[in-house]
Amino acid sequence: MAPDQQHDPGSVQALILVGGKGTRLRPLTLSAPKPMLPTAGVPFLTHLISRIREAGITDIVLGTSYRAEVFAEYYGDGADLGVNLTYVTEEEALGTGGGIRNVYDALTADTVLVFNGDVLGGTDIREVLDTHRTSGAEVTLHLVRVGDPRAFGCVPTDADGRVSAFLEKTQDPPTNQINAGTYVFNRDVIGEIPAGRPVSVEREVFPKLLAEGRHIQGHVDAAYWRDMGTPEDFVRGSADLVRGIAPSPSLNGTCGESLVKAGAHVASDAVLVGGTVVGSEAQIGPRARLDGAVIFDGAIIEAGAVVERSIVGFGARVGRGALIRDTVIGDQAHIGARCELLRGARVWPGVQIPENGIRFSTDV
Ligand code: GDD
Ligand code: MG
Numbered sequence: 430m431a432p433d434q435q436h437d438p439g440s441v442q443a444l445i446l447v448g449g450k451g452t453r454l455r456p457l458t459l460s461a462p463k464p465m466l467p468t469a470g471v472p473f474l475t476h477l478i479s480r481i482r483e484a485g486i487t488d489i490v491l492g493t494s495y496r497a498e499v500f501a502e503y504y505g506d507g508a509d510l511g512v513n514l515t516y517v518t519e520e521e522a523l524g525t526g527g528g529i530r531n532v533y534d535a536l537t538a539d540t541v542l543v544f545n546g547d548v549l550g551g552t553d554i555r556e557v558l559d560t561h562r563t564s565g566a567e568v569t570l571h572l573v574r575v576g577d578p579r580a581f582g583c584v585p586t587d588a589d590g591r592v593s594a595f596l597e598k599t600q601d602p603p604t605n606q607i608n609a610g611t612y613v614f615n616r617d618v619i620g621e622i623p624a625g626r627p628v629s630v631e632r633e634v635f636p637k638l639l640a641e642g643r644h645i646q647g648h649v650d651a652a653y654w655r656d657m658g659t660p661e662d663f664v665r666g667s668a669d670l671v672r673g674i675a676p677s678p679s680l681n682g683t684c685g686e687s688l689v690k691a692g693a694h695v696a697s698d699a700v701l702v703g704g705t706v707v708g709s710e711a712q713i714g715p716r717a718r719l720d721g722a723v724i725f726d727g728a729i730i731e732a733g734a735v736v737e738r739s740i741v742g743f744g745a746r747v748g749r750g751a752l753i754r755d756t757v758i759g760d761q762a763h764i765g766a767r768c769e770l771l772r773g774a775r776v777w778p779g780v781q782i783p784e785n786g787i788r789f790s791t792d793v
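Position 160 of the sequence shown, counted from 1, bears residue number 589 in my numbering, the numbering being contiguous throughout.
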């Protein structure tokens, strides 16, 4: 394609939806909104913003609601990331469609890229914009194929790639092609979304546009893609970033088996593998073994403890010889020596479990 035919990213604005409560990641999201949870050393949202910036789009609106103040306190006007960030806050959460409608007055560009704020991806954003332009659609949806579509928006397309239906979280999906959570909207279509009440873009806006015969195009690709909304996916996505399996411009190509942030202390005989991240001021004791672990700032893992595919919150402590697997430990919680927590256990912030206080098996 000739350069003058390509989309000018300068005429495109981005909106990132970050107003959800992140309930599936509780208790970590009781204090921090999901997009601000540390992921490979920085808030998750930093990876997404830097990808948008890399595509040449610098005008970015954050659609906030839950814990709105945390975003502005951390990012300010976005200058540190080379972007111009503005904030539009819903006093009462308006849902995904309501959140898009709520920023309408802040939009100046004719083309608006909308992102779910919890998707880790490697898609070429400019290609999605090109599909939008060449197809002449009013809305374009980025689509990916997954093993089990039931937790997502199922989106069948016809032979021309045009969207034929939008079925949010159906138990009986007709295809494994799903909504990847990135949309291109012609600005006028956003103005048609009902204002001042909660609206789901997935359950209301897209089905209504399709019922009216409007043109929604699909852009399918096979780039890296992961919704970070559950502990399993959060841990996997973080490890994939550390190991370079998931791309992020903010990691500058540094990748390996583990990432240890400045100010952390790791004993020389501790083992850190599987994309483990150790936050600043965290301490990892002798003979501890961390495999795919996400250790937030200031957490302490004592001697001989094993932490696998788990998240250990800010300032939490895991005692000597404890075994933590597929578990979320809330901020400042203390897990006593030789406890065992497995298979989806969640410990609430500040909870103290005494030495030997919980076992999931009796064979050790
Ligand atoms: N501003 C605002 N207001 N943002 C919201 C609100 C709201 O009321 N509710 C949710 N969001 C934001 C969340 O913060 C998140 O970034 C995004 O909208 C999507 O919400 P999730 O709660 O993560 O939705 P999901 O993962 O169950 O499903 C969505 O994403 C899937 C792909 O990851 C849907 O769009 C599915 O169709 C899609 O397949
Ligand atoms: Mg999600």
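Glycine included, each C-beta is placed from N, C-alpha and C at the ideal position.
Just so we're clear, the structure is a prediction, and the values are computed from it rather than from any experiment.
From which residue to which residue does the alpha helix (DSSP H) around E737 run? Counting along the chain, E737 falls outside any alpha helix (DSSP H), though it belongs to the beta strand (DSSP E) covering 735-737.
What is the rounded straight-line gap between the Cα of A535 and the Cα of A484? 21 Å
Quick check: is any heavy atom of the ligand GDD less than 8 Å from the C-beta of V548? yes
Only counting the same chain, and skipping five residues up and downstream in sequence, which positions put a Cβ closer than 6 Å to that of A766? G748, R749, G750, E784
Nearest candidate by alpha-carbon position, reference I381, set D662, T560, G524: Only positions 430 to 793 of the chain appear in this structure, which leaves residue 381 out of reach.
Taking 9 Å as the threshold (C-beta atoms), are H476 and P678 in contact? yes
Could you tell me if the beta carbon of L457 falls within a distance shorter than 8 Å of some heavy atom in the ligand GDD? no
One or two residues paired with A497 in a DSSP bridge: Answer is none; A497 lacks a bridge partner.
Can you find a heavy atom of the ligand MG that lies under 8 Å from the Cβ of D656? yes
What residues match up with N785 in a beta bridge as DSSP calls it? DSSP output for N785 lists no bridge partner at all.
For G528, is the beta carbon positioned less than 8 Å from some heavy atom of the ligand MG? no
Could you check the C-alpha separation between N605 and L570 for me, to the nearest Å? 15 Å
Of the choices I481, I619, L558, whose alpha-carbon is the least far from that of G527? I619
Taking the C-alpha atoms as reference points, what is the distance between Q442 and L514? 11 Å
Spatial neighbours of L638 within its chain, please: C-beta separation below 8 Å, excluding the five flanking residues on both sides. E567, V568, V618, I645
Rounded to a whole number of angstroms, what is the C-alpha to C-alpha distance between E519 and V499? 14 Å
Which one of Y516, A745, L719 has the shortest CA to CA distance from L701? L719
Continuous beta strand (DSSP E) stretch holding D561: start and end: For the sequence presented, residue 561 should be read as His rather than Asp. Per DSSP, H561 belongs to no beta strand (DSSP E); it is in the alpha helix (DSSP H), 554-564.
Tell whether a beta-carbon distance below 9 Å holds between A461 and L670. no
I think L572 touches G647, with their Cβ atoms under 8 Å apart; what is that distance to the nearest whole Å? 5 Å
Establish whether the CB of A711 and some CB of chain C are separated by less than 9 Å. Going by chain labels, chain C is absent from the structure shown, which holds only one protein chain.
Go ahead and label P603 buried or exposed: buried means 16 or more other beta carbons lie within 10 angstroms of its beta carbon, across all protein chains shown. exposed
How about the segment 758-773 and the segment 725-743: do they share at least three Cβ pairs that are nearer than 8 Å? yes
Across which residues does DSSP place H694 in a beta bridge pair? Q712
So the beta strand (DSSP E) H648 belongs to, where does it begin and stop? 645-649
Rounded to whole angstroms, what's the CA-CA distance from D726 to M657? Just pull it up for me. 20 Å
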